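Student:
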């Protein structure tokens, strides 16, 4: 008799099965002949997306994902080094462009501009950066 894994409540960052099916073929990792069995790929992707969307530390990945934070981090690093994440991004960008979801005339570059104070001899002497001494 097989026991089913308990299902967990989905986080907002989780992919649907349709979304994951779209990306799965681009993220596959060749299985090794020896060692532990591979982690469930959807759980790994959902864990990575959770960390990226919340900004939490890898160590703070909730335990109910079913994969360790170390596994998620290693897959993330592997996909960065091999260029797989860039391929997925380019694929999704092209797909969105074909469906006319992207409006290239409305593309902006985000930047912040901070004026420098002219005439200050030492940055520590400017207002707001006063160093108190005893």
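Residue numbers (the working numbering): 13 to 146.
For each residue, glycine too, the CB sits at the ideal point set by N, CA and C.
The structure displayed is predicted, hence computed values, not measured ones.
#1: On the CB-based measure, 16 or more other CB atoms within 10 Å of its CB, does residue 95 come out buried or exposed?
#2: Going by the CB atoms, is the gap between residue 56 and residue 90 shorter than 8 Å?
#3: Over the uninterrupted alpha helix (DSSP H) stretch that includes residue 91, give me the two end residues.
#4: Could you work out which residue in 103, 110, 117 and 114 is closest to residue 39 when comparing CA atoms only?
#5: Can you give the Cα-Cα distance for residue 54 and residue 19, rounded to whole angstroms?
#6: Measuring alpha carbon to alpha carbon, tell me which residue in 106, 84, 74 and 110 is nearest residue 52.
#7: Pull up the CB-CB distance for residue 58 and residue 26, whole angstroms please, since I reckon it's below 8 Å.
#8: Can you give the Cα-Cα distance for residue 29 and residue 61, rounded to whole angstroms?
#9: Work out the CA separation of residue 80 and residue 111 for me, nearest whole Å.
#10: Can we count residue 59 as close to the ligand HEM, meaning its CB is less than 7 Å from some heavy atom?
#11: Taking residue 33 as the reference, give the member of 117, 75, 100 and 118 with the closest Cα.
#12: Which term fits residue 22, buried or exposed, when burial requires 16 or more other beta carbons within 10 angstroms of its beta carbon?
#13: The alpha helix (DSSP H) that contains residue 66, what's its start and end?
#14: Near residue 108, which residues of its chain fall below 7 Å by C-beta distance, leaving aside the five closest residues on each side in sequence?
Tutor: The structure says:
#1: exposed
#2: no
#3: 81 to 94
#4: 103
#5: 13 Å
#6: 84
#7: 5 Å
#8: 14 Å
#9: 36 Å
#10: This structure simply doesn't include the ligand HEM, nor any ligand for that matter.
#11: 100
#12: exposed
#13: 53 to 66
#14: 114
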